[in-house]
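Enquirer:
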Amino acid sequence: MKLIGSYASPFVRKISVIMLEKGITFEFANQSPWTDDSPVPTYNPLGKIPVLVTGPEEYWYDSSVIAAYLEQLDIAPALIPRDRLAAMKVLQLQALADGIGDAAVLLVREGMRPADKQLESELVRQRGKILRGLDALEKAAAGGKVLNGDAINLADIATGCLLGYLNFRRVVPDWCVNRPALVKLAEKLFTRESFARTVPPAP
Ligand SMILES: N[C@@H](CCC(=O)N[C@@H](CS)C(=O)NCC(=O)O)C(=O)O
Numbered sequence: 081m082k083l084i085g086s087y088a089s090p091f092v093r094k095i096s097v098i099m100l101e102k103g104i105t106f107e108f109a110n111q112s113p114w115t116d117d118s119p120v121p122t123y124n125p126l127g128k129i130p131v132l133v134t135g136p137e138e139y140w141y142d143s144s145v146i147a148a149y150l151e152q153l154d155i156a157p158a159l160i161p162r163d164r165l166a167a168m169k170v171l172q173l174q175a176l177a178d179g180i181g182d183a184a185v186l187l188v189r190e191g192m193r194p195a196d197k198q199l200e201s202e203l204v205r206q207r208g209k210i211l212r213g214l215d216a217l218e219k220a221a222a223g224g225k226v227l228n229g230d231a232i233n234l235a236d237i238a239t240g241c242l243l244g245y246l247n248f249r250r251v252v253p254d255w256c257v258n259r260p261a262l263v264k265l266a267e268k269l270f271t272r273e274s275f276a277r278t279v280p281p282a283p
């Protein structure tokens, strides 16, 4: 299997962490989706990373689909519960963490534009999504069931990669203030080998 992407992306990191947790060996092809000559659109018409290559002409994209693909390989540990409703709850939180990630990536991209070209109303809008999303994740983590439970699952991994990205890009650097359950979750996850081995590169 070949994973195409960059550890600067929280979505790519999520897939790498999943594969490391499951002990799946993979080749990593470091590619940026942002350059004009990027090969990524050859694999994913949306031009986004991650892409997982599992065979000739077999390309999987959108990290949630890749996560589902990896799960159906039935390799322990299971990261999505077998019970369908329990699985939906984990997937919902993954979507929430990933959605916050989308907003954070947009903020970072907008911040790269010249200051006079940045749209303040859009920055505020995206920041609102991030803050509301983090509050919802905090509530879930404090509950300690679907998120921040005894065994690691896909929602934990997606959240850990999101928090790592917020730290890495210094988006909402005060995210940890008044969110003790998320801080605890991050501390717990960041000591795992899978997270330690996928730290984003220095910007
Ligand atoms: N929903 C997608 C989001 C992936 C995504 O936005 N990746 C970013 C990098 S962090 C990207 O490749 N962006 C390139 C672009 O939007 O053109 C997933 O979960 O895979």
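When we follow the working numbering, the leftmost residue of the sequence shown carries the number 81, and every step to the right adds one.
Glycine is no exception: its CB is placed at the ideal position from the N, C-alpha and C atoms.
Keep in mind the model is a prediction, meaning the values are calculated, not measured.
1. How should E101 be labelled, buried or exposed, when 16 other C-beta atoms within 10 angstroms of its C-beta is the threshold for buried?
2. Determine the extent of the beta strand (DSSP E) in which F108 is found, giving its start and end residues.
3. Could you pull the DSSP bridge partners for L234 from this structure?
4. What residue range does the alpha helix (DSSP H) around E218 cover?
5. Tell me the rounded alpha-carbon separation between A184 and D230.
6. So, at 6 Å on beta carbons, what are the nonlocal neighbours of L126 in its own chain, with the 5 sequence-adjacent residues on each side left out?
7. Take every Cβ of the segment 144 to 158, pair it with every Cβ of the segment 194 to 214, and state whether three or more of those distances are shorter than 8 Å.
8. Near V97, what residues of its chain come up, given a Cβ to Cβ distance below 7 Å and the 5 sequence neighbours on each side ignored?
9. Give me the Cβ distance between K94 and S143, rounded to the nearest whole Å; I'm assuming they're in contact under 8 Å.
10. Taking the alpha-carbon of P161 as reference, which of S89, L227, T239 has the nearest alpha-carbon?
11. Enumerate in chain order the residues of its own chain whose CB-to-CB distance from N110 is below 7 Å, with the five nearest sequence positions on each side excluded.
12. Using 8 Å as the threshold, is the segment 107 to 122 in touch with the segment 166 to 174, meaning 3 or more CB pairs across them?
13. Skipping 5 residues on each side, what residues in its chain have a beta carbon closer than 6 Å to that of F248?
14. Quick one: what's got a C-beta closer than 8 Å to V252's C-beta in the same chain, skipping five residues either side?
15. Taking 7 Å as the cut-off, is the C-beta of Y141 nearer than that to any heavy atom in ligand 1?
16. Taking DSSP as the reference, what is the three-state secondary structure of L159?
17. Taking Cβ positions, are Y149 and V133 nearer each other than 8 Å?
Expert: The structure says:
1. Sequence index remark: in the sequence shown, residue 101 carries index 21 (1-based). By the 10 Å Cβ count, E101 comes out buried.
2. In the sequence shown, residue 108 corresponds to position 28, counting from 1. From DSSP, the beta strand (DSSP E) with F108 extends over 107 to 110.
3. For this step, residue 234 is matched to residue 154 along the sequence shown. Answer is none; L234 lacks a bridge partner.
4. If you number the sequence shown from 1, residue 218 lands on position 138. Start and end: 200 to 223.
5. Indexing the sequence shown from 1 puts residue 184 at position 104. Indexing the sequence shown from 1 puts residue 230 at position 150. Distance between the alpha carbons of A184 and D230: 28 Å.
6. Position 46 of the sequence shown holds residue 126. Cβ neighbours of L126 beyond the five flanking positions: none.
7. no
8. Stepping through the sequence shown from its first residue, residue 97 is reached at position 17. If we look at V97 and ignore the five residues flanking it on each side, its Cβ neighbours are I237, C241, S274, F275, T278.
9. Taking the first residue of the sequence shown as 1, we reach residue 94 at position 14. Taking the first residue of the sequence shown as 1, we reach residue 143 at position 63. Going by Cβ atoms, the distance from K94 to S143 rounds to 5 Å, so yes, they are a contact pair.
10. By 1-based counting over the sequence shown, the position of residue 161 is 81. The shortest Cα separation from P161 among S89, L227, T239 belongs to L227.
11. As a working note, residue 110 is residue 30 in the sequence shown. So the list reads S86, once near-sequence residues are dropped.
12. no
13. Within the sequence shown, the letter at position 168 stands for residue 248. Excluding sequence neighbours, F248 sits near P280.
14. In the sequence shown, residue 252 corresponds to position 172, counting from 1. Same-chain partners within the cutoff: A184, R207, I210, L211, L214, L246.
15. Here residue 141 is taken as the residue at index 61 of the sequence shown, counted from 1. Within the cutoff, so yes.
16. Here residue 159 refers to the residue found at position 79 when the sequence shown is read from its first residue. Here L159 sits in coil by DSSP.
17. By 1-based counting over the sequence shown, the position of residue 149 is 69. By 1-based counting over the sequence shown, the position of residue 133 is 53. No, the pair does not count as a contact, with Cβ atoms beyond the cut-off.
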